[in-house]
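What follows is a short report on a single structure.
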Amino acid sequence: MSLLQTTDLVKQFGGLTAVDGVSVGIDRGTVQAIIGPNGAGKTTFINCVSGLLDPTSGTVEFDGEDITGMPPHETVQQGISKSFQTASIFPTMTVEENVQIAAFGAEHGSFRFNFLKKRSDYNAVQDRTERMLRSVELWEDRNVQAQSLPYGDKRRLEIAIALASEPELLFMDEPTAGMSPDETRQTVDLIEELREELGLTIVLVEHDMEVIFRVADKITVLHRGAIIANAAPEQIRGDEQVQEAYLGGAEI
Amino acid sequence: MSTETEGEGGSVGATGLTDSDAVLMIASAVALFSLPWVLVDGFGIVAEMLDFSIGGYVGLPSLILIYGIVVIGYNLLLGYTGLLSFGHAAFFGTGAYVAGVVSQSVGSPIVMVLAGIAVATLIAWPIGWVSIRRTGVYFAVITLTFGQMLYFWALGPGSWLTNGDNGFSEVGTGPILGTFELDSAVFPNIGFLQSYTYEYVFIAILALLALWIANRILKSPYGLIFEALGQNQQRVSFVGLNVQRYKLMAFIISAVFAGAGGALFIMHENYVHPNTAYYWIQSGDFVIMTILGGAGSLVGPVFGAFIFEYVANVLSGLSLPVIGAIGSLWRIVLGAVFVVIVWTFPKGVYPGVRDFLVRRGARDALDRLSDRVRNRGGESE
Chain A
12 MSLLQTTDLV KQFGGLTAVD GVSVGIDRGT VQAIIGPNGA GKTTFINCVS GLLDPTSGTV
72 EFDGEDITGM PPHETVQQGI SKSFQTASIF PTMTVEENVQ IAAFGAEHGS FRFNFLKKRS
132 DYNAVQDRTE RMLRSVELWE DRNVQAQSLP YGDKRRLEIA IALASEPELL FMDEPTAGMS
192 PDETRQTVDL IEELREELGL TIVLVEHDME VIFRVADKIT VLHRGAIIAN AAPEQIRGDE
252 QVQEAYLGGA EI
Chain B
252 MSTETEGEGG SVGATGLTDS DAVLMIASAV ALFSLPWVLV DGFGIVAEML DFSIGGYVGL
312 PSLILIYGIV VIGYNLLLGY TGLLSFGHAA FFGTGAYVAG VVSQSVGSPI VMVLAGIAVA
372 TLIAWPIGWV SIRRTGVYFA VITLTFGQML YFWALGPGSW LTNGDNGFSE VGTGPILGTF
432 ELDSAVFPNI GFLQSYTYEY VFIAILALLA LWIANRILKS PYGLIFEALG QNQQRVSFVG
492 LNVQRYKLMA FIISAVFAGA GGALFIMHEN YVHPNTAYYW IQSGDFVIMT ILGGAGSLVG
552 PVFGAFIFEY VANVLSGLSL PVIGAIGSLW RIVLGAVFVV IVWTFPKGVY PGVRDFLVRR
612 GARDALDRLS DRVRNRGGES E
């Protein structure tokens, strides 16, 4: 059974149908890429699943449970996490604090009305923060203000934030956008590590075809809000409809 | 951008120094203990030398700390969570009226404060619940509206309780713990400690408690989340935290402090009028004090309350050569002070002065270091 399953998901903004009846299943432990030209509805689709937007109709099931229309903080508690297109961090807080917040998010039940207990007394949170920062190799920079990190590090910090809530499914919205070739390579390595070591299921929106063909197990192609292909990379490469819609007929 | 980073970098040393809770509490206790002497006697001596009445009077230190308590809490909302409420007089005034009404049957100051806090918290819940659903200007306007609703309620339909426009004056504050009269001096036989009344001691202890609580909140997970909310709400919800819940908590916590301040206010003044309790200008004053002193620093707003009340109560009594008595023109003076301070210390008086000192300290250290390096260079040559 799929970890995430959407059924006839539709999102309309006034007269515009941004997501048009998308039914897709994402298997546990796989990396699934979503591609499509600008305005194809990739980000809207992710937002409908993660709770930032309410879908107009259709359902979203996660791990067998209906999560349609749940607000973001609840979908995160269910095990869905997200890294944003632009590094979404807490700019004037330290790198460590940035990840700490997420680690507390995962422990949200443990301090309901405990206003006076010190942060440093939550050992599990401290441990998790350190582990996440080490996994993205930012532990050495933990006392640096997040806004003064180089761009690639900001993106990696954001991935650490997303991971600290210990998700089963991670959405990554263009994780390599704006990165140098070096940073892109590091990020691709990181994605592969995450899947192998943590068994994460990853949904990737990406424009860089090289990245996609290296990491994706399956590719979903959206065009005008609808799925026009959903198959393994080799098949997508040869799909004429995809080439017509997305690549303007060019060979990949 | 670069100056911002520089300032933050500079403050790292300062936080390292004041990181220990004990140091903070002891320093604050010393400051609160010396405040009446400095303000009343110390300034008084200077005033006599200059022949200029700039000394404080006996009740002023209490008044400063009352507003100090309010803005310590208000700052958790404005300075950390980034929510600009223009309606905190609602909780201040409620604390005052409730304490006043309670004092008619139970005169214990402790009971009065607890009652004021309880009812202020109770009304903060629904007001906060509605207000935090909007952000920015809309949040400010909604809170302003709630404050004004209570103001007109106190003037009109609520006058059976508040005595409307005549003001509430039947305050029956008793002695603390049944023994210590608020107005009497703690050391009646020591001349230079005449300004230390039991009222001041009581309020100073509560102010210390307020600082301690605010400090612990800031060091708890809540503090981290409040600060995070001030920077990036969307990310907070995407780490699994319910944004509305934590904003509501920040709102209610700040109302607790405002309620306590209101209860102390009526104890101190023995009188409260809708204008000093609920009027929107009162809410605005909390904003000014907080920004003046330093929003986003724990003790900063107390300095703001000091400057504000000093201008309002002491400088307003001055008489200047050309314009004559300042009197009710004190808000113009305050405005000038505000402009100068925001200009020179955009982050507020306390963070501004602290960063300045730290930076100067760092520069001195660098100078010494480079001297040493230069000397060593000289030796080797």
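Each protein sequence line maps, in turn, to chains A and B. Under this note's numbering, the first residue of the first sequence is numbered 12, with each subsequent residue one higher. Under this note's numbering, the first residue of the second sequence is numbered 252, with each subsequent residue one higher. Beta carbons: idealized from backbone N, C-alpha and C, even for Gly.
Asked                                                                                                                                                                   : Found
Are three or more beta carbon pairs between the segment 81-97 of chain A and the segment 430-450 of chain B nearer than 8 Å?                                            : no
Of all the CB atoms in chain A, is at least one closer than 8 Å to the CB of Pro472 (chain B)?                                                                          : yes
Please tell me whether Arg167 (chain A) and Leu149 (chain A) are closer than 8 Å, where the distance is taken between their beta carbons.                               : yes
Could you give the distance in angstroms between the alpha-carbon of Val388 (chain B) and the alpha-carbon of Ser336 (chain B)?                                         : 9 Å
How about Ala528 (chain B) and Ala405 (chain B): do their beta carbons lie closer than 8 Å?                                                                             : yes
Short of 8 Å Cβ to Cβ, which residues in the segment 592-611 of chain B face chain A?                                                                                   : none
Once DSSP output is grouped into helix, strand and coil, what is the label at Ala242 (chain A)?                                                                         : strand
Take Ala328 (chain B) and list the residues in its own chain whose beta-carbon comes closer than 7 Å to its own, dropping the five residues that flank it on each side. : It should be noted that the sequence gives Leu, not Ala, for residue 328 (chain B). The answer, listed in chain order, is Leu334, Ser336, Ala501, Phe502 and Ser505.
How would you list, in chain order, the residues of chain B whose beta-carbon sits under 7 Å from the beta-carbon of Pro83 (chain A)?                                   : Ser488 and Phe489
Using three-state DSSP, classify Asp31 (chain A) as helix, strand or coil.                                                                                              : strand
Name the chain B residues that come within less than 9 Å of Ala117 (chain A), Cβ to Cβ?                                                                                 : Val490 and Gly491
Please list, in chain order, the chain A residues whose beta carbon lies closer than 9 Å to that of Ile476 (chain B).                                                   : Ile112, Phe115 and Gly116
Using 8 Å as the Cβ pair cut-off and three pairs as the minimum, do the segment 519-526 of chain B and the segment 412-432 of chain B touch?                            : yes
Taking only beta-carbon positions, decide if Leu144 (chain A) is within less than 8 Å of chain B.                                                                       : no
Any idea if Ala2 (chain A) is buried or exposed, counting beta-carbon neighbours within 10 angstroms, 16 or more meaning buried?                                        : Because chain A here runs from 12 to 263, residue 2 (chain A) falls outside it and cannot be looked at.
Of all the residues that make up the segment 202-215 of chain A, which are near chain B by a beta-carbon distance shorter than 9 Å?                                     : none
Determine the chain A residues that contact Gln485 (chain B) at a beta-carbon separation under 7 Å, and present them in chain order.                                    : Ser99
Would you mind telling me which residues of chain D sit closer than 8 Å to Ile468 (chain B), beta carbon to beta carbon, in chain order?                                : The question asks about chain D, but that chain is absent: this structure's protein chains are A and B.
Below 8 Å between beta carbons: does that hold for Ile583 (chain B) and Ser567 (chain B)?                                                                               : no
Using a beta-carbon distance below 8 Å, is Thr103 (chain A) in contact with chain B?                                                                                    : yes
Assign Thr212 (chain A) to one of two classes, buried (16 or more other C-beta atoms within 10 Å of its C-beta) or exposed (fewer than that).                           : buried
Okay, do the segment 445-454 of chain B and the segment 486-501 of chain B touch, 3+ Cβ pairs below 8 Å being the bar?                                                  : no
Quick check on Ile46 (chain A): does DSSP put it in helix, strand or coil?                                                                                              : strand
Residue ranges of each alpha helix (DSSP H) run of no fewer than 4 residues wholly in the segment 344-384 of chain B, ordered along the chain?                          : 360-382
Please list, in chain order, the chain A residues whose beta carbon lies closer than 9 Å to that of Ala479 (chain B).                                                   : Phe101, Met104, Glu108, Asn109 and Ile112
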